[in-house]
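Undergrad: First the structure, which I've put down as structure tokens, then a few questions once you've had a look.
Numbering (this note's numbering), first residue to last: 672 to 1096.
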């Protein structure tokens, strides 16, 4: 480590998804781990951390548990507590947190805010319009007859507040629900053609470190069809994201964004996610997120070949510059195993009858799972597990992921079988 004494540390992770299980798994493997806590965690983190029952949106409770656990660093997984100001509250008590303050969290919590920053930074992105009324939305639709548009809820929506449509009635129904029922605004964008990439940068408040590029698969059905989800799987790294393309992304999107964030005093210690569409005219920004992605994290962290505690500490102590972070020369394919009905109305608390063990070739991360007093395992949310296969090429990794996913058994379990196929076949 550069200028850091590698002392043991306690870490508190906020969240209960597969992303948080992957973070806990990486922290549990740290040589510096002297105490690992998850609030609330899930059935998968029970064996590697102390789960603390509670709600991550209860900010005073989170601060209290951070103090009681004597955590040196609090890692915030989900976006909601970030938007509520959990990092501000922790820092007020002298507790180091990995994540943005409430103001910087608006980069994700408000698509309007994020779009304005990108515009001021000169970042290439889709043409967009901020709409406060249904009338404004439909006026744009009428100006673009039979043209597919991307209609987004401005606020947080767990990755599902997006409609891609050329159907005026469908767009109007979506806009009425968001504006009249949810009391939110709408961002209407041009539909971009290309393929999506997920680029993560670790920030330390001044400098940044770009991690290997991932690709999320948001559509529910194979061949990228069906409704949007929180993410049905991810692959890392992406062969088409070579040094040339990554250089363009860094020059036109990452660096201008960081410069603008500094101008607006929005820099923080944590993760900044760039959702990018690679088009025929070059990469364009789709969105900013201010935390690790789910499911990308589950495919990214198993490739990490440095101690994650060192990486987290470098971020919160403003020491990213010069930090050497290595990744193993393998491919990771993550497959989301979902509950029946997801992403619509789905069943909860389904008994899990069969659960395979992890191995060096395949990892299984839980999402929202619970265990009753008799040790029986139940599903929680719509996305229940992520099966991650590792291999020296995509085909080996994909085979391991599919094999593991097939061994997870609960009523109605389903998953996509084509994760990563677009990039490798």
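The beta-carbon is built from N, C-alpha and C at its ideal position, and this holds for glycine as well. Bear in mind the structure is a predicted one, so any value in this text is a computation, not a measurement.
Checking 9 Å against the spacing of the C-beta atoms, do residue 770 and residue 778 come in under that value?
TA: Counted from its first residue, the chain shown places residue 770 at position 99. Counted from its first residue, the chain shown places residue 778 at position 107. Not closer than 9 Å, so no.
Undergrad: Which class does residue 722 belong to by DSSP, given the choice of helix, strand or coil?
TA: Numbered from its first residue, the chain shown carries residue 722 at position 51. Strand, per DSSP.
Undergrad: Locate the alpha helix (DSSP H) running through residue 764, then write down its first and last residues.
TA: As a working note, residue 764 is residue 93 in the chain shown. Per DSSP, residue 764 belongs to no alpha helix (DSSP H) and is neither H nor E.
Undergrad: Would you mind listing the alpha helix (DSSP H) stretches within the segment 801-858 that are 4+ residues and don't spill past its ends, in chain order?
TA: List check, alpha helix (DSSP H) in window: 805-814, 839-847.
Undergrad: Just checking my contact of residue 887 with residue 964 at CB under 8 Å: how many whole Å lie between their CB atoms?
TA: Along the chain shown, read from residue 1 onward, the residue named residue 887 stands at position 216. Along the chain shown, read from residue 1 onward, the residue named residue 964 stands at position 293. Contact flag correct, Cβ pair sits at about 6 Å.
Undergrad: Beta carbon of residue 1080, beta carbon of residue 1026: below 9 Å?
TA: In the chain shown, counting from the first residue as 1, residue 1080 sits at position 409. In the chain shown, counting from the first residue as 1, residue 1026 sits at position 355. Taking 9 Å as the Cβ cut-off, residue 1080 and residue 1026 qualify as a contacting pair.
Undergrad: Considering residue 707, what are the terminal residues of the alpha helix (DSSP H) in which it resides?
TA: Sequence index remark: in the chain shown, residue 707 carries index 36 (1-based). Unbroken run through residue 707 is the beta strand (DSSP E), 704-711; no alpha helix (DSSP H).
Undergrad: Going by DSSP, what residue range makes up the beta strand (DSSP E) through residue 1056?
TA: Taking the first residue of the chain shown as position 1, residue 1056 is located at position 385. 1054-1062 is the extent of the beta strand (DSSP E) around residue 1056.
Undergrad: Thinking residue 986 and residue 873 are a contact (beta carbons under 8 Å), I'd like their distance in whole angstroms, please.
TA: Locating residue 986 in the chain shown gives position 315, counting from the first residue. Locating residue 873 in the chain shown gives position 202, counting from the first residue. That belief holds up - the Cβ atoms of residue 986 and residue 873 are roughly 5 Å apart, short of 8 Å.
Undergrad: Rounding to the nearest angstrom, what Cα-Cα distance links residue 833 and residue 677 in this structure?
TA: In the chain shown, counting from the first residue as 1, residue 833 sits at position 162. In the chain shown, counting from the first residue as 1, residue 677 sits at position 6. If I take the Cα positions, the gap works out to 44 Å.
Undergrad: Please report how far the alpha carbon of residue 1046 lies from the alpha carbon of residue 1016, in whole angstroms.
TA: Here residue 1046 is taken as the residue at index 375 of the chain shown, counted from 1. Here residue 1016 is taken as the residue at index 345 of the chain shown, counted from 1. Straight-line Cα distance between these residues: approximately 27 Å.
Undergrad: Which residues mark the beginning and the end of the alpha helix (DSSP H) in which residue 930 is found?
TA: Position 259 of the chain shown, counting from 1, holds the residue named residue 930. It spans 926-934 - the alpha helix (DSSP H) in which residue 930 sits, taken as one unbroken run.
Undergrad: Quick check on DSSP: helix, strand or coil for residue 698?
TA: By 1-based counting over the chain shown, the position of residue 698 is 27. Three-state DSSP puts residue 698 in a helix.
Undergrad: Within a Cβ cutoff of 6 Å, which residues of the same chain sit near residue 824, ignoring the five residues on either side of it in sequence?
TA: Start at 1 with the first residue of the chain shown, and residue 824 comes out as number 153. Only 832, 849, 855 meet the Cβ criterion.
Undergrad: Grab the span of the beta strand (DSSP E) containing residue 948 for me, first residue to last.
TA: Within the chain shown, the letter at position 277 stands for residue 948. That run of the beta strand (DSSP E) goes 940-950.
Undergrad: With 16 as the cutoff for other CB atoms within 10 Å, does residue 1063 come out buried or exposed?
TA: In the chain shown, residue 1063 corresponds to position 392, counting from 1. So residue 1063 ends up on the exposed side.
Undergrad: With DSSP collapsed to three states, give me the class of residue 998.
TA: If you number the chain shown from 1, residue 998 lands on position 327. If DSSP states are grouped into helix, strand and coil, residue 998 belongs with the strands.
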